[in-house]
Each structure stands twice: as structure tokens, then as C-alpha cells.
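With UniProt numbering, the residue at position 202 of the sequence shown is 202, and numbering never jumps. Positions of the beta carbon are idealized from the N, C-alpha and C atoms, including for glycine. First up is the structure itself, then whatever we jot down about it.
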Amino acid sequence: MSTLKDYRMDIKPNWCPGCGDFSVLAAIQKSAVNLNIEPEDMALISGIGCSGRISGYVNVYSMHTMHGRALAVAQGVKLSNPGLHVICAGGDGDGFGIGLNHFAHAARRNVDITYIVMDNQIYGLTKGQMSPTSPQGMETKSSPGGNPEQPINPLQMALASGSSFIAQAFSGDLKQLVSLIEQGMKHKGFSFINVFSPCVTFNKILTYEFLKKNLMNLDEVEEYDPSNRGMAFNIVEETSSMFTGVLYKNERKTLTESLPKGAGTDMLREGQFKLNERMKDQLISRFI
Numbered sequence: 001m002s003t004l005k006d007y008r009m010d011i012k013p014n015w016c017p018g019c020g021d022f023s024v025l026a027a028i029q030k031s032a033v034n035l036n037i038e039p040e041d042m043a044l045i046s047g048i049g050c051s052g053r054i055s056g057y058v059n060v061y062s063m064h065t066m067h068g069r070a071l072a073v074a075q076g077v078k079l080s081n082p083g084l085h086v087i088c089a090g091g092d093g094d095g096f097g098i099g100l101n102h103f104a105h106a107a108r109r110n111v112d113i114t115y116i117v118m119d120n121q122i123y124g125l126t127k128g129q130m131s132p133t134s135p136q137g138m139e140t141k142s143s144p145g146g147n148p149e150q151p152i153n154p155l156q157m158a159l160a161s162g163s164s165f166i167a168q169a170f171s172g173d174l175k176q177l178v179s180l181i182e183q184g185m186k187h188k189g190f191s192f193i194n195v196f197s198p199c200v201t202f203n204k205i206l207t208y209e210f211l212k213k214n215l216m217n218l219d220e221v222e223e224y225d226p227s228n229r230g231m232a233f234n235i236v237e238e239t240s241s242m243f244t245g246v247l248y249k250n251e252r253k254t255l256t257e258s259l260p261k262g263a264g265t266d267m268l269r270e271g272q273f274k275l276n277e278r279m280k281d282q283l284i285s286r287f288i
């Protein structure tokens, strides 16, 4: 049985002190241990930006991909090796800017992966420009007169695109964050978890103090039904997405289950594909 130590790397994160991404890193590791997933049975794919560094800090199969293409790679990993637990992680700039098309299509396909977005409403790695989720009027280095654009609502996008599990978390509440990631990983289908992850260096609006004061816990609302899609749309609109908890979940066929028989199978584990000694030597000489 794996422990937290098995999931930790010697490489230390180089995020700013206080960055919300530290909590997401800890929550992913804790969730994997709680679910008794071994490191060799998990893959973590990430995009660019500060959040994209997370794949180098977890001792599992990992890949730091190109700008906006993390979900495309993650889908390929899952379809070629369905036995792996695949997590895709990134930020609001990477996922909702150039990568938005992959988000919509992964959700409608219902690929069995967990997509975690660390949403800080700013471009942090490039020193503080507006992102697709920056509030209208927000002053940044790329919008000194205030952001003129209407921000994207990730939860509305996920609902409209057909995501079968949608939740929102706050990196300042590690207990709930771990619980939501565990639920997402256990869910059969595309699970999307948007995480309010404050950038303490460049975003002085979306702070820990602001979020602690203004976020509602949807899991504590007794009359709320997460299986009701219409209710989910309404609560997003009524609260301006200022809540945490499970927004929506339902069960439907995953992409792998919808493929023709034989497609999307784990050929290596099922013995349909065997490496001979020559092939092994070629792979070792090329990649090691």
C-alpha cells in the first residue's frame, strides 16, 4: 500500500510562498493515497504556467505538455492505457484560453479523466496579465485601464459541454479539496474540478481573506440536488459561481465504453502487444 512518501519527489516546488497551488499538490497526493492507488497506476499531465509545474512534483508517470494541449495529451494517455488513473492539471490561462476547445470536447466525449484547474484569474508566470477568468474592470499589466472583456465562466462551460462531474474547491480548505478530488477520481467519466487558487503575488483581489468571507459551501445546502442540471445552471447564475462543493454529477457511458469492441483497450496489459528483445533494446537506447 502506497504512502504519501511514495508520491513525493526530491524536487521542491518553486512556487511563491503562499501560492494556492501548494494545497492542490498536497490534495492530489493525499487523494491518491486515500484511494489506495499505486504511483505506477497513475499519470499526471499538465500544461504551462505556474500550475503546469505540478507534474514534476508528483512521483507518478507525468508529462509537462505544450501550451493549451494538456487535455489532448491526457485523453491520448487514457485511451491508449485505460487502466491508468489519469489526472490533467493546469491553470485558467492554459485551460480556458488556447486550450478551451480541448476542454469542451473532452467534456462532451466523457473521457474518463479528472481535470483540475487552478484558477487564480491572472497570468502568474508571465508576471501579472489578465486571463480569460479575470473580472471585467480588473487592472493588470496588460489592462492598465481595466479589463474590457467579459470573463469566461468555467462552470457554465462545463455544464454546457456535457461534463458528467463538476465541482469547485478552494485551496484554503484542504479537507474539502481532498474530498472533491477523491470524488472526481472515483467518478466514471470526465470530472472537472475548478479550484480557487490565489496568486498572492499578482492578484490582490482574489485573496484568501476574500474567498473565506464570500464562498458558500454548496454541499451544506440540503435542498440542492447535484443531479438536477437545470438547478446547477441556476445556482451558478444566482451565486455568480461563488461557492464550493459538487455542482453536478450524472452517470453516462464513457468514450472508451462507446468505442467499437477492441478499440481503446489496454493491449500491453491484456497481452495483445508484446515487446521482443530487439524492440526493448531500441527503446532503451533511444530514451535512456
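In terms of Cα proximity to Leu-259, the closest of Gly-93, Leu-79, Glu-209 is Leu-79. Just so you know, the alpha carbons of Pro-39 and Thr-65 end up roughly 20 angstroms apart.
DSSP, read as helix, strand or coil, puts Gly-83 in coil.
Within the region 133-189, the runs of beta strand (DSSP E) that reach at least 3 residues and sit entirely inside it are, in chain order, 165-170. Under DSSP, Arg-8 takes part in a beta bridge, and its partners are Val-58.
DSSP places Lys-249 in the strand class (E or B) of the three-state scheme.
When the five nearest sequence neighbours on each side are left out, the beta carbons in the same chain lying within less than 7 angstroms of the beta carbon of Met-1 are those of Asn-36, in order along the chain. For the pair Gly-47 and His-67, the CB atoms are nearer than the 9 angstroms cut-off. In this structure, the straight-line span from the alpha carbon of Pro-135 to that of Ala-72 is close to 28 angstroms. Here DSSP, grouped into helix, strand and coil, assigns Thr-3 to coil. DSSP places Thr-201 in the coil class of the three-state scheme, outside both helix and strand. C-alpha of Ser-143 to C-alpha of Arg-286: approximately 46 angstroms in a straight line. For Ala-158, the CB contacts under 7 angstroms within the same chain, skipping 5 residues up- and downstream, are Ala-107, Ile-166, Phe-192 in chain order.
In the DSSP assignment, Phe-196 falls outside any alpha helix (DSSP H) and within the unbroken beta strand (DSSP E) covering 191-196.
About 20 angstroms separates the Cβ atoms of Cys-199 and Cys-88, ruling out a contact at the 8 angstroms cut-off. In the same chain as Tyr-123, and ignoring 5 residues on each side of it, the C-beta atoms closer than 6 angstroms to its own belong to Gly-93, Gln-129, Ser-131, in chain order. DSSP places Asn-120 outside both helix and strand once states are collapsed to three, so it counts as coil.
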